[in-house]
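Residue numbers (the working numbering), protein chains in the order written: chain A, 3 to 384; chain B, 3 to 384; chain C, 3 to 384; chain D, 3 to 384. Don't be surprised by glycine CBs; every beta carbon is placed ideally from N, CA and C. These numbers come from a predicted model, not from an experiment.
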């Protein structure tokens with residue numbers, strides 16, 4: 003079999019990319035529309051030498067990948083809305099304990115069980131704010147399989163670089179859509195491997211003492227070093243502390259290691275922005291319809307452009323501002339009640355020129371939907 | 003003992019107010035710093051004819067109050083950070099099924115288990131966006147016991163009026179601080195009782211068909227009417243539907259019943275705003291320090307005012323705008339990395355004049371902390 | 003029968019008002035949706051001592067009222083789209099010859115025969131620019147029967163004051179809607195009567211020599227004075243001239259007598275404009291739906307206002323600017339592809355804040371239509 | 003006689019170009035200053051195998067060319083002001099029934115019969131808005147014979163491409179001015195021929211069902227297909243319909259086929275615009291005087307440019323904006339009370355920098371007229 007060019011579902015592409023990135027452990031509990039990910043990994047991961055476990059529930063799945071990651075394996079789980087909510091408490095643990103891991107959320111419609119097979123992008127804000135307490139978060143997404151492959155690998159790379167959970171926020175259309183994928187050669191996409199401590203066995207290893215470059219070397223848990231891991235505020239040895247200076251320092255570390263590297267983790271696609279008078283901003287599958295509209299209007303001479311976001315959090319406010327602050331209007335295209343638009347408005351001097359083209363009924367937003375709303379927001383009526 | 007005037011902890015005040023509002027059922031799992039609430043209710047609630055259950059975990063507690071509420075009882079649970087995260091999935095169910103209930107979150111410090119006995123206001127954004135999918139949310143808070151009593155009753159009133167879960171977002175200082183409380187006379191604060199259907203037994207009851215005024219009459223579950231309750235998108239009978247029009251209509255109902263009544267659910271305290279040149283905005287215990295600063299500066303002739311928010315969500319943007327758009331500067335005082343400030347900036351034409359006075363180390367923010375930051379944001383240097 | 007309070011169709015109200023204003027002559031050719039006007043006048047006008055003629059076609063009808071007006075009678079015709087187009091050449095004659103008359107156009111849908119019984123407001127621009135050559139025009143409209151009565155009388159008053167044809171631009175919904183009308187007492191609305199020359203018989207009467215106040219006294223044609231009336235450029239005796247100075251003077255007279263009196267002929271209704279942040283602008287029947295939206299939103303605390311135009315031409319740009327230049331957004335509500343919005347955009351400094359809520363399918367625009375578009379133009383999505 | 007280079011009146015040039023374009027039918031009623039067109043065609047058209055009919059009036063002429071076009075012949079009529087007004091109703095029919103045809107309006111002065119031999123450009127707005135109901139319109143013009151030839155051919159090309167009436171809006175000076183014309187070789191200007199359906203006889207031909215590229219193939223009326231043509235709103239078979247979706251779809255088709263192809267039908271001449279600080283905008287014969295001024299000033303080093311519009315409708319707002327938004331001032335040169343200036347003001351961010359140089363007395367505007375006004379609008383006084 004020639005593995006170079008495949009015709010896959012998005013969920014399958016995500017699996018191929020995770021394997022490419024060096025996935026060593028997956029734990030999950032099947033939930034539509036993400037079920038193809040565990041289904042395929044149950045077969046593929048052992049073939050590649052990794053471990054696959056189907057867990058008893060969503061919470062256990064999240065806890066399992068945190069534990070596995072600490073032992074030294076790149077780890078991932080996959081879920082959808084209700085499972086993502088259930089995982090929030092353990093995600094907070096991964097944030098606090100600084101455990102690299104990747105959580106795939108293939109979004110479905112609505113709150114609660116909602117529309118299991120309907121498309122939605124309603125978990126954008128939750129992917130930033132879903133767990134309690136102050137923290138920062140990285141969330142990536144993609145609209146096509148080639149980008150999805152790259153962003154999945156990037157999710158692992160960022161999680162290892164910054165010792166943080168990373169959310170890969172897909173949607174039902176991207177997850178189930180079949181499209182051509184060319185698998186990159188080994189080495190074509192650089193991989194960030196686990197940074198292990200150079201401290202030999204003994205007591206000199208400080209699991210939460212950053213190196214000069216800010217990174218925290220790890221030691222495979224259960225290995226040569228004994229150290230503490232906790233969800234409580236802790237010092238450089240991992241022991242709990244209520245000392246305000248230590249608490250403040252830890253909070254700044256958790257937040258700044260991400261908010262201080264926005265440009266390093268920002269991934270965008272730009273279409274026709276150079277001379278655009280009006281700009282669409284979109285992400286995930288809705289960006290496909292947005293791109294269709296832009297290409298169609300360009301053919302007619304309209305100066306319309308598209309800014310596609312592949313990094314949702316930390317929100318690339320400076321990049322959005324640089325590309326859109328001067329244009330006449332911005333139309334954010336997303337399948338929810340308006341979530342990314344909240345950040346776009348904050349990024350621009352004139353929030354009143356930012357409009358929303360959306361659906362939130364479980365149906366994919368089409369170019370026609372966008373065109374109709376674009377007419378209205380340009381004051382052209384129905 | 004004359005019960006009219008008491009000297010209580012905030013958590014105890016919350017209990018007294020819940021009983022005043024007609025609490026009929028409480029389920030919970032103790033967690034610092036909210037544990038006094040179940041502790042006291044375990045004794046007080048049966049005395050008043052209500053039911054108290056200590057559940058096996060946080061999720062079960064949330065599910066229990068949803069079920070109890072459906073049978074006709076005003077229901078409540080109490081928790082803190084990690085428990086609040088665990089409850090998010092079931093909160094989404096209460097949103098979707100439109101079940102009135104009150105969730106008290108007495109915030110502690112940090113993500114994960116963090117600082118169990120340290121103060122924080124880090125769950126503001128989570129209380130809006132913690133569960134998956136598009137939805138709206140009501141979140142109330144208070145800085146003193148008299149307001150805490152009133153806001154607790156209001157939480158029940160709003161939950162019954164709009165058939166929605168309501169978050170009562172307290173913090174460790176408010177929860178544990180002792181202060182005088184004058185219990186209102188019966189009837190002094192109007193109570194909103196459960197709106198029950200006037201449809202006699204039979205099949206004519208439509209659990210999700212709004213009346214002309216938008217309200218949804220309920221029927222005690224297990225009583226004369228048989229009907230369906232689900233977390234899936236559903237029609238007016240409560241049966242699951244993937245019809246896009248029905249899904250869209252339900253989403254708008256869930257969102258508009260709250261976002262369309264912002265002014266009706268907005269509660270504020272205003273101090274010296276009429277002629278203020280500079281305004282502090284705060285809430286919860288940090289508003290106590292903010293008020294101290296304002297009173298102190300007024301005595302010196304400075305035109306400083308305080309806007310204290312008791313409604314955090316839906317965010318009272320119009321009210322904030324009306325009071326602060328024209329002033330020279332706004333200083334948001336909160337104990338987190340800056341959460342309410344995100345909304346204040348969106349509400350005002352010039353976000354650059356909004357500053358943050360905060361702590362996030364588990365220590366209470368003092369008037370001195372605020373004064374030092376106020377000097378700096380007024381360009382007066384250290 | 004007590005004639006004071008009636009329950010009438012709009013077309014019937016127009017008839018009552020024309021009789022109140024002193025209508026002496028009507029010529030017309032029935033065309034839906036204006037046919038009730040000739041039908042009722044055929045009976046009522048002779049009862050009041052006036053003359054009614056059903057003509058052989060639309061052009062003849064227009065020519066007849068020009069001739070009748072010259073003999074001293076207040077004259078009117080009524081038509082709809084295709085008839086209005088056919089009348090344009092003779093309307094130009096009335097402009098050039100400065101003949102007072104009133105043309106009622108009860109608009110129907112679409113170009114050509116279009117939708118004879120569907121509603122539309124598609125003739126707004128045509129009522130200004132439908133005839134060839136430079137000129138000015140007065141066009142009035144109304145959304146309710148009491149205003150329709152007043153505007154019909156005002157149409158006669160303006161036509162007599164400025165010796166100009168006046169268009170009364172109604173729409174199918176206003177024309178056919180039944181509503182209460184209280185007939186004003188005689189004298190309650192002042193009437194402008196024909197200004198007749200004080201020159202006795204002989205040759206000293208100059209039909210096109212303005213008085214000091216700019217008005218042109220008339221002499222009943224066929225009476226004591228012989229004078230010339232022509233569609234050609236002419237001098238003060240009415241004789242043709244190609245002298246550039248005379249041509250220029252006549253053009254300025256035709257234009258300035260109207261464009262120089264914009265405020266005198268401007269009629270508006272204002273609803274909740276004092277503190278409005280966002281303003282709807284509408285006219286005719288669509289203003290009824292707009293008002294419904296505004297009252298509904300005001301009840302919910304939104305600062306929405308309505309500016310209803312009863313004078314469409316000369317466009318009251320200064321009045322619109324005064325009321326709307328400072329607001330956040332303006333939504334023009336009309337049943338066409340966007341016609342009045344073109345003028346509103348010209349009147350304001352920031353045309354990008356002007357949006358269109360419209361229908362153009364022959365169906366009445368409802369409050370729900372407007373609300374849905376208002377959401378989108380406020381950036382709130384669907 | 004070598005026909006390649008001729009010395010002709012503009013009206014004669016128009017005739018030569020119509021024949022070049024493949025004119026097959028002309029119907030008209032002579033009216034100054036367009037009479038040379040029917041006069042010459044009465045002789046020339048039969049020579050070329052076409053049909054010429056002098057009709058009994060203006061309306062009949064317009065109706066005749068609509069009917070002839072439906073049978074498969076490229077058709078044209080010519081008129082001036084009063085005739086153009088009379089034709090408006092039948093022009094609306096051609097719009098609604100989507101019948102290709104060309105209407106030449108050689109403008110004269112004033113409203114009504116006005117100044118039959120005086121020059122004017124007073125019908126610009128009427129050529130857009132003269133018929134009732136929402137619609138779009140194409141109007142072309144030219145200032146010299148070579149352009150007039152090209153624009154006449156383009157009028158036929160556009161009318162066939164988009165199945166729409168096209169107005170060729172000339173003025174008395176262009177119509178009567180003699181100038182050199184080099185007739186292009188056959189094929190030098192590409193011709194758009196009638197797009198006929200490929201459907202064989204039978205009932206499968208849908209006269210109003212657009213092809214994938216948006217164009218509507220025609221079938222010669224009276225030929226192998228029976229189908230309905232109406233001025234009423236109609237479905238894809240041409241049968242009347244009041245279905246709102248069909249009505250809306252038809253309206254959008256009539257409007258978008260033109261408004262959606264603005265750049266494709268925009269024709270401009272640009273003179274010295276690259277570095278211009280101040281720009282004149284003009285069209286038709288007045289552009290000749292404007293060009294004289296510009297060339298004269300350039301010789302003196304002034305950065306003055308000229309944008310000559312050959313497409314008046316759909317108004318090339320983007321093109322005007324691109325060339326003029328950044329300049330210091332714009333002076334619109336036209337012979338009317340200010341018509342094109344209304345559109346120029348709408349196209350630019352700062353309408354206050356747009357000025358008018360005009361005459362409206364039947365006399366040709368000269369370079370001296372323009373220069374005097376230019377001084378004043380540049381603040382240089384008289």
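C-alpha distance - residue i paired with residue j, whole-angstrom precision
i, j, result
"residue 182 (chain C)", "residue 269 (chain C)", "21 Å"
"residue 58 (chain D)", "residue 95 (chain D)", "19 Å"
"residue 294 (chain D)", "residue 368 (chain D)", "9 Å"
"residue 284 (chain C)", "residue 275 (chain C)", "13 Å"
"residue 263 (chain D)", "residue 297 (chain A)", "15 Å"
"residue 216 (chain B)", "residue 208 (chain B)", "14 Å"
"residue 11 (chain A)", "residue 258 (chain D)", "38 Å"
"residue 281 (chain D)", "residue 329 (chain D)", "7 Å"
With 16 other Cβ atoms within 10 Å as the buried cut-off, status of residue i
i, result
"residue 200 (chain A)", "exposed"
"residue 211 (chain B)", "exposed"
"residue 77 (chain C)", "buried"
"residue 355 (chain A)", "buried"
"residue 303 (chain B)", "exposed"
"residue 155 (chain D)", "buried"
"residue 266 (chain C)", "exposed"
"residue 89 (chain B)", "buried"
"residue 192 (chain D)", "exposed"
"residue 347 (chain C)", "buried"
"residue 324 (chain B)", "exposed"
Those residues which DSSP pairs with residue i across a bridge
i, result
"residue 108 (chain B)", "B:172"
"residue 80 (chain D)", "D:106"
"residue 220 (chain B)", "B:198"
"residue 310 (chain C)", "C:271, C:284"
"residue 236 (chain A)", "A:242"
"residue 72 (chain C)", "None, per the DSSP bridge assignment."
Proximity test, residue i beta-carbon vs the ligand GDP heavy atom, cut-off 7 Å
i, result
"residue 48 (chain D)", "In the structure shown, the ligand GDP is absent, as is every other ligand, since no ligand is present at all."
- May I ask you to verify whether the stretch 102-110 of chain A touches the stretch 112-129 of chain B, counting CB pairs closer than 8 Å and requiring at least 3? Short answer: they don't touch.
- Start-end ranges of the beta strand (DSSP E) lying completely within the stretch 130-217 of chain C, minimum 3 residues: 140-142, 167-173, 180-184
- Using 8 Å as the Cβ pair cut-off and three pairs as the minimum, do the stretch 121-129 of chain B and the stretch 128-137 of chain A touch? yes
- Item | Runs of alpha helix (DSSP H) lying entirely within the stretch 254-298 of chain B, each at least 4 residues, in chain order | Contiguous alpha helix (DSSP H) elements confined to the stretch 254-298 of chain B occur at 264-267, taking only those with 4 or more residues.
- Every unbroken alpha helix (DSSP H) inside the stretch 331-384 of chain B [4 residues or more]: 342-349, 369-379
- For the 8 Å Cβ check, are there 3 or more pairs between the stretch 43-59 of chain D and the stretch 192-199 of chain D? Per the Cβ contact rule, the stretch 43-59 of chain D is not in contact with the stretch 192-199 of chain D (fewer than 3 Cβ pairs under 8 Å).
- Query: Counting Cβ pairs, one atom from each stretch, are 3 or more of them under 8 Å apart for the stretch 248-255 of chain C and the stretch 222-230 of chain C?
  - Reply: no
- Can you find at least 3 beta carbon pairs, one from the stretch 332-339 of chain C and one from the stretch 357-364 of chain C, that sit closer than 8 Å? yes
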